[in-house]
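In my numbering, the protein residues as written are 9 to 420.
Here it is in C-alpha cells:
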C-alpha cells in the first residue's frame, strides 16, 4: 500500500486548528446576510464579488489582506451574531474532521456600552458549545469510533489600535488622552488579561490562553509585559504573534519577556540577517541557540502556510517556507489556517500543502498533526488532556494502517 499522504487520509484523520481567528473565518453567505440586516455596506453583495474585491487568492500587501476585517468585525457587534458565527465556525471544522480548535479574537473590537468584554466572550462560548454538544451526541462519538470535538477560547489583545476600531477603544483613548500611546495600548491589554483570567477561573468558561496580535514593527511585545505577567501569574497559557513580520528578536522577546508557551507564526525564526540589536555580536549563533531552546522546551509554532504566502512576498512557494527548517530541527509545529475566509483555506488544504510542498514522509506528517493536540491549551486537566491525545493517536494509527499501511512506523 502506498505511503503517500492522500486527500482521503487527511480528510479522515482527527485534526486541530490552534491559530484560528474568529473574525477572519466567517462564511461569506453569513457575512452578506448579517450585513444586510445591519445596514452595513459591503463592496459586493455576492460571494463572487467579495472574493474578487476583498477575500482574494493573493494580496499585494498585508494592509490589503487586513482590509476584509473591517467588514467582518462590523457584523460581529451583537451577541446573536457572535454566537451564530462561532457555531458555524465549529460546524465547518467538525465537517472536515477537525476535532480540536482554539478560537482567538479581540473582544475589545466587539464590545460597547452595555455589551462588555465578558458578554462578548460568553456569546462566542455559547456558539461553540452548541456545535460541540450537537456533534458529541452523535453515534460515532458515543460508540467510541470517532474523537469528540473540543475547543478553547484565546483572548487576543492588540499591539495598537485607533479610535475608529471600536467605541471601546475610542473611550480608552479619550480617558487616557494625555498618556503616551504605548501606555494606552498596554492598559487595554492588561484589562483584557484580567477579564480573561476572571472568565477562566471564576465563570468557568474555557478561556485557555492569552494572545497579542497586530503589527510587530514599532510595537514590541514587551510593551504589554504587565498584561502577560498578570496572565502568567494566574496560570493562563500564553501565545504571541511573533516572527511573522519581524525577525528572531521578536520571538526571543515573546519567550523571555512574555513567558510565551507557543509562538504564533514564528516565520522568521531562522532569519539571522534580520537581527537588528547591535549587542548581539553573532546573529547566527543567537538564532542557533534560540531555535535549540524553542525545540527543547517544546514551544509549539503555530504555522499558517497560505497566510504567510499571501502576506510575505519573500516566500514564493511552500518549498521556500521555513517550515522545512522547522521540521529538520525537530521543532514542535502545528499547521493552522489563521483565517479560513481571508485566506480561503481549510485545515485539510493546509496539511495537503505541507505534505506535497515539502514532500513529507508519513512520520514527519504525523508529528505535525499530533503536535497540534499535544501543544494545545486544552481546557481540561492534564490527565484529561493526556487521555484525549491518546484517543486521537489511537484513531490516527488505525486510519494510517487502513489507508497508508502503517507507513509512519517504517519511517521511524
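We put the CB at the ideal spot given by N, CA and C, even for glycine.
Extent of the continuous alpha helix (DSSP H) run through residue i
i	result
residue 209	189–209
residue 96	87–103
residue 45	36–45
residue 132	125–144
residue 163	First-last for residue 163: 158–166, but that is the beta strand (DSSP E), not the alpha helix (DSSP H).
residue 59	55–61
residue 364	355–365
residue 17	15–20
residue 148	147–150
residue 78	77–82
Buried versus exposed call for residue i [16 or more other C-beta atoms within 10 Å across all chains shown]
i	result
residue 252	buried
residue 431	With the chain covering only 9 through 420, there is no way to say anything about residue 431.
residue 390	exposed
residue 321	exposed
residue 61	exposed
residue 297	exposed
residue 357	buried
residue 92	buried
residue 418	Note that residue 418 scores 47 on pLDDT, short of 50, meaning its location in the model is unreliable; the coordinates nonetheless yield the value given after this. Label assigned to residue 418: exposed.
residue 9	Here the model assigns residue 9 a pLDDT of 35, short of 50, so the residue's position is not dependable, and the following value carries that caveat. So residue 9 ends up on the exposed side.
residue 208	buried
residue 85	buried
residue 408	buried
residue 410	exposed
residue 392	exposed
residue 400	buried
residue 15	exposed
residue 306	exposed
residue 379	buried
residue 31	buried
residue 387	buried
residue 398	exposed
residue 354	buried
residue 176	buried
Span separating the alpha-carbon of residue i from that of residue j
i	j	result
residue 229	residue 65	30 Å
residue 181	residue 78	20 Å
residue 372	residue 360	13 Å
residue 42	residue 311	31 Å
residue 395	residue 168	40 Å
residue 318	residue 219	22 Å
residue 254	residue 276	7 Å
residue 170	residue 260	27 Å
residue 420	residue 377	Residue placement at residue 420 is flagged as unreliable, the pLDDT there being 45, under the threshold of 50; the coordinate-derived value follows with that caveat. Residue 420 and residue 377: Cα-Cα distance of roughly 16 Å.
residue 74	residue 403	38 Å
residue 368	residue 325	15 Å
residue 235	residue 80	27 Å
residue 349	residue 57	14 Å
residue 100	residue 161	17 Å
residue 290	residue 257	13 Å
residue 134	residue 116	18 Å
residue 223	residue 299	23 Å
residue 140	residue 187	44 Å
residue 351	residue 214	27 Å
residue 35	residue 364	27 Å
residue 76	residue 82	10 Å
residue 70	residue 153	42 Å
residue 183	residue 123	19 Å
residue 96	residue 112	15 Å
residue 384	residue 164	16 Å
residue 107	residue 27	14 Å
residue 88	residue 94	10 Å
residue 196	residue 102	34 Å
Range covered by the beta strand (DSSP E) that runs through residue i
i	result
residue 397	Where residue 397 is concerned, there is no enclosing beta strand (DSSP E), although the alpha helix (DSSP H) it sits in stretches over 390–412.
residue 180	Counting along the chain, residue 180 falls outside any beta strand (DSSP E), though it belongs to the alpha helix (DSSP H) covering 175–183.
residue 28	23–29
residue 72	Taken as a continuous stretch (DSSP letters only), residue 72 belongs to no beta strand (DSSP E), being part of the alpha helix (DSSP H) at 70–74.
residue 220	215–221
residue 380	Unbroken run through residue 380 is the alpha helix (DSSP H), 370–382; no beta strand (DSSP E).
residue 108	106–113
residue 273	270–273
message: Using 8 Å as the cut-off, can you tell me whether the segment 128–148 makes contact with the segment 44–57, which would need three or more C-beta pairs spanning the two stretches below that distance?
response: No, because fewer than three Cβ pairs between the segment 128–148 and the segment 44–57 fall closer than 8 Å, the two stretches do not touch.
task: Report yes or no: do the segment 11–23 and the segment 48–62 share at least 3 C-beta pairs separated by less than 8 Å?
output: No: fewer than three Cβ pairs fall under 8 Å.
message: Does the contact criterion of 3 or more C-beta pairs under 8 Å hold for the segment 265–272 versus the segment 236–249?
response: Yes: at least three Cβ pairs fall under 8 Å.
query: Do the segment 145–157 and the segment 187–204 touch if we need at least three Cβ pairs shorter than 8 Å?
result: Contact fails: fewer than three Cβ-Cβ distances are below 8 Å.
query: How do the segment 300–317 and the segment 335–352 stand: do at least 3 beta-carbon pairs fall below 8 Å, yes or no?
result: The segment 300–317 is in contact with the segment 335–352.
- request: Identify every run of the beta strand (DSSP E) within the segment 290–350, keeping only runs that are complete inside it and at least 3 residues long; order them along the chain.
  value: Listed in chain order, the beta strand (DSSP E) runs fully inside the segment 290–350 are 308–311 and 341–343, counting runs of at least 3 residues.
message: As an exercise, report each continuous alpha helix (DSSP H) stretch of at least 4 residues that is fully enclosed by the segment 232–257, in chain order.
response: Whole alpha helix (DSSP H) segments, 4+ residues: 233–241.
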